[in-house]
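Numbering (the numbering used here), first residue to last: 74 to 557.
No residue lacks a Cβ here, since even glycine has one placed at the ideal position from N, Cα and C.
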Amino acid sequence: MLRKSVVLKLWLLMVALVLLILYFTGVLQTAKLKQLYYDQQLELLTSEAKHLSSSEDITGQSADIHLLYTLAGALRGNIMITDRQGNIVHCIGMGMEMQNVTGAKINVVGHHDLPWSKSDLQSIMQGKTVSYRGAYHFLDTDVLTVAVPIYKEGQSAGTVMLSSPLAPIEGRINALQKITLSAGLIGIALATILSLLLSRTLSRPLLKMYQSARSMAKGDYSRRVEVKSQDEIGLLAHSLNTLAAELQEKITALERLDQTRREFVANVSHELRTPLSIIQGYTEALMDGMAATEAERNKYLAEAHEEILRLRRLVTEILDLRKIEAGGVELKRQPIPLDHLARQVYGQFQALAKDKEVTASLDVVPGSYTVEADADRIRQVLINLLDNAVRATPAGGRVKVELLEYKDTVQVSVTDTGSGISAEEQPLIWERFYKVDKSRARTGGGTGLGLAIARQIIEAHGGTIGVSSKPGQGSTFYFAIPKC
Numbered sequence: 074m075l076r077k078s079v080v081l082k083l084w085l086l087m088v089a090l091v092l093l094i095l096y097f098t099g100v101l102q103t104a105k106l107k108q109l110y111y112d113q114q115l116e117l118l119t120s121e122a123k124h125l126s127s128s129e130d131i132t133g134q135s136a137d138i139h140l141l142y143t144l145a146g147a148l149r150g151n152i153m154i155t156d157r158q159g160n161i162v163h164c165i166g167m168g169m170e171m172q173n174v175t176g177a178k179i180n181v182v183g184h185h186d187l188p189w190s191k192s193d194l195q196s197i198m199q200g201k202t203v204s205y206r207g208a209y210h211f212l213d214t215d216v217l218t219v220a221v222p223i224y225k226e227g228q229s230a231g232t233v234m235l236s237s238p239l240a241p242i243e244g245r246i247n248a249l250q251k252i253t254l255s256a257g258l259i260g261i262a263l264a265t266i267l268s269l270l271l272s273r274t275l276s277r278p279l280l281k282m283y284q285s286a287r288s289m290a291k292g293d294y295s296r297r298v299e300v301k302s303q304d305e306i307g308l309l310a311h312s313l314n315t316l317a318a319e320l321q322e323k324i325t326a327l328e329r330l331d332q333t334r335r336e337f338v339a340n341v342s343h344e345l346r347t348p349l350s351i352i353q354g355y356t357e358a359l360m361d362g363m364a365a366t367e368a369e370r371n372k373y374l375a376e377a378h379e380e381i382l383r384l385r386r387l388v389t390e391i392l393d394l395r396k397i398e399a400g401g402v403e404l405k406r407q408p409i410p411l412d413h414l415a416r417q418v419y420g421q422f423q424a425l426a427k428d429k430e431v432t433a434s435l436d437v438v439p440g441s442y443t444v445e446a447d448a449d450r451i452r453q454v455l456i457n458l459l460d461n462a463v464r465a466t467p468a469g470g471r472v473k474v475e476l477l478e479y480k481d482t483v484q485v486s487v488t489d490t491g492s493g494i495s496a497e498e499q500p501l502i503w504e505r506f507y508k509v510d511k512s513r514a515r516t517g518g519g520t521g522l523g524l525a526i527a528r529q530i531i532e533a534h535g536g537t538i539g540v541s542s543k544p545g546q547g548s549t550f551y552f553a554i555p556k557c
C-alpha cells in the first residue's frame, strides 16, 4: 500500500510537471515562433514589393508579366498593381488573374473581396508601407499582405500589393506543436518509468522503517534499518535506529531494575526469616521450660540477643544502602588525612585480629594523603574491608593494610591470606546479599550488603573500588579517591 501510494503520488507529480512545462513551453513557443515567422515573411514581402515597385513601367501595359508570374509563384501568393486612384492594373497569382483591367475600373477601395479602405490607400500614396493579415474573400486562406507606393518621376503613381498565404506558417506551427505533443507523451512515459524507479528507491527504506516501527509497537526493539544515504530519508532511518536502541536500553534497564527489586525483596525476606526463626525457636524453648538451668537460659537469651543485633544491623544496612542508591545521603565533604583515619580503624581491629590469631600490619608510604571526603562514610568502608579480611583469614594468616599516593589519587588496599575468590564470583561480590562463604556469613555476622554499600560510597566520592584475588592465594580489596 505504501509503495503504491508513493508510485501514484510521484507519477501524478511528474506528469503534472511535464504537462505544466509543455503547456507553458507550447504557448510561449507558439506565440514567439508565430511572431518570428510573421516578421520574417513581412520583411520578405516588403523587400520584394519595394524591389517590384522600382521596376520600369510597372503600372503600364509594358510591365514584365513574366517577372510578376515568377514572383507570385515563388511567394505562392498574389500580386496586385494599382494606379494612383487604386484601380487594379494587374492581378496575378492565387485566387484571380487579371491583366489590363484598367478599363474594368476595379478599385481596391471598398471592394467587397478586398480589405482596403480609402485611408489605407492615402497612407500608401503618402509613402507609408501598410500591411494586412487576414482573409481575402476571393481566396481560400488567410494571407499576409504588404502594400508599398510606386514612384514615377518623384511622384506616387500607384501601389504594389504582395500577398502570401499564411498556411505554410501555420503548417510549421502545427508541425512544431505535434513535435511538442510527441515530446510530452515521451516525457509522460519517462516520468512513469522514473516514478517507478524513484518510488522503489524511496519506498524500500520507508517500508523497512514502517516494519521497524511496527516491531517496536509490538515490543521488539532489536530491529534496525540499514542506512545507505545521508539525505532526509537516511537521517530519518538513523533517528529511528537511535530511538529503537534507546528504547531497548531503557526497557532492558527497567526490566533489570524490576528483576533487581524482586531479587531484593526475596533476599530481604530470606535474610529476615532466618534470624526471626532462630529468635522464635529460642523464645519458644524458654517458654516451654526446655532450659533446665540458669546457664542454659542465659545461653538461649544470648543467642537470641545475637540474632536481634544481627537483625538490627541488617535493617540498618538495608536502609543505608537504599538511601545511598537513591541519592538521599548528603556527603559531608571536608579535607581529612586518610592515613590518620586508616590508623584509627586499623587500631580498632587489633583485638579481633589477635583473638583470631591473625597477624595484622599497616604500611603507609610517606606522602600526602589529604582527601576531601566524608570521614564517617570512608571509615565505614575501611571497617567493612578490614572486618571482611580478618574474618576471611584463618588462624596463622596475615592481613596487610597499605596506603599509596599517586599523582591525583590516594589508594588504600587491604590484603588477606584467606581462601580467595574465583574469577567467576568476583563481579558478583558487589551485589546485594551475595556471600562468597555462606557458612562463614552466618557465624561471622555478615549480611551480604557491606561491599555493595562500600562501592556506592566510593563511587559517590568520584573514586573506584575493586578486588584482585585467586583461589587459595587470598584477596586484595582496594579503593582510590581523588586528592585535594
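- Less than 8 Å divides the Cβ of Asp436 from the Cβ of Glu475.
- Setting aside the 5 residues that flank it on each side, Leu501 is surrounded in the same chain by Tyr507, each with a C-beta closer than 7 Å to its C-beta; the list follows chain order.
- Under DSSP, Asp489 shares a beta bridge with Val472 and Ser548.
- Counting the other Cβ atoms within 10 Å of the Cβ of Ile165 gives 16 or more, which makes it buried.
- In the pairwise beta carbon analysis, the region 350-367 is classified as touching the region 375-383: at least three pairs are separated by under 8 Å.
- Beta-bridge pairing by DSSP links Lys225 to Gln228.
- Looking at the backbone, the Cα of Val181 and that of Ser190 are separated by about 8 Å.
- With respect to the C-alpha of Gln195, the residue from Leu263, Gln158, Asp304 and Leu345 having the closest C-alpha is Gln158.
- Around the Cβ of Arg450, a 10 Å sphere holds 16 or more other Cβ atoms; the residue is buried.
- Around the C-beta of Thr389, fewer than 16 other C-beta atoms lie within 10 Å, and the residue is accordingly described as exposed.
- Just so you know, the alpha carbons of Asp215 and Ser237 end up roughly 9 Å apart.
- When rounded, the separation of the alpha-carbon atoms in Ser548 and Ala318 is 39 Å.
- For Lys191, the secondary structure class from DSSP, reduced to helix, strand or coil, is helix.
- Bounds of the alpha helix (DSSP H) holding Ser272 are Ala240 to Ala290.
- Listed in chain order, the non-local C-beta contacts of Arg471 below 6 Å within the same chain comprise Thr432 and Thr490, local neighbours out to five positions each way being set aside.
- Annotation: Gln108 to Leu235 spans about 19 Å, alpha carbon to alpha carbon.
- Under the three-state reduction of DSSP, Ala364 is assigned to coil, being neither helix nor strand.
- For Ile494, the closest alpha carbon among the candidates Ser434, Gly545, Asp447 and Leu458 is that of Gly545.
- The beta-carbon distance between Lys556 and Thr443, rounded to whole angstroms, is 7 Å. This is short enough to meet the 8 Å contact definition.
- Per DSSP, Leu404 lies in no alpha helix (DSSP H) segment and is marked neither H nor E.
- Gly146 carries a helical assignment under DSSP once its states are collapsed to helix, strand and coil.
- Between the region 216-235 and the region 193-208 there are three or more C-beta pairs closer than 8 Å, enough to call the two in contact.
- Just so you know, the alpha carbons of Ile242 and Tyr111 end up roughly 8 Å apart.
- For Ile306, the CB contacts under 6 Å within the same chain, skipping 5 residues up- and downstream, are Pro278 in chain order.
- Three or more Cβ pairs closer than 8 Å define a contact, and the region 121-129 meets that threshold against the region 221-231.
- Taking C-beta atoms as the reference points, Leu83 and Ser268 count as a pair closer than 8 Å.
- Within its own chain, the residues whose Cβ lies closer than 8 Å to the Cβ of Leu106, once the five positions on either side in sequence are excluded, are Arg245, Ile246 and Leu249, listed in chain order.
- By the 16-neighbour rule on beta-carbons within 10 angstroms, Pro348 is buried.
- Just so you know, the alpha carbons of Leu271 and Phe97 end up roughly 26 Å apart.
- Collapsing the DSSP output to three states places Tyr205 in a strand.
- Ranked by Cα distance from Leu524, the first of Leu414, Ile397 and Gln417 is Ile397.
- If you ignore the 5 residues before and after Tyr294, its C-beta comes within less than 8 Å of the C-beta of Ser288, Ala317, Ala318, Leu320, Gln321 and Ile324, all in its own chain and listed in chain order.
- When DSSP states are grouped into helix, strand and coil, Ile161 belongs to the strand group.
- Between Val485 and the set His311, Ala415 and Val300, the nearest pair of CA atoms involves Ala415.
- Judged by their CB atoms, Lys281 and Val300 are not nearer to each other than the 8 Å cut-off.
- In terms of Cα proximity to Ala426, the closest of Asp412, Gly469, Asn457 and Thr232 is Gly469.
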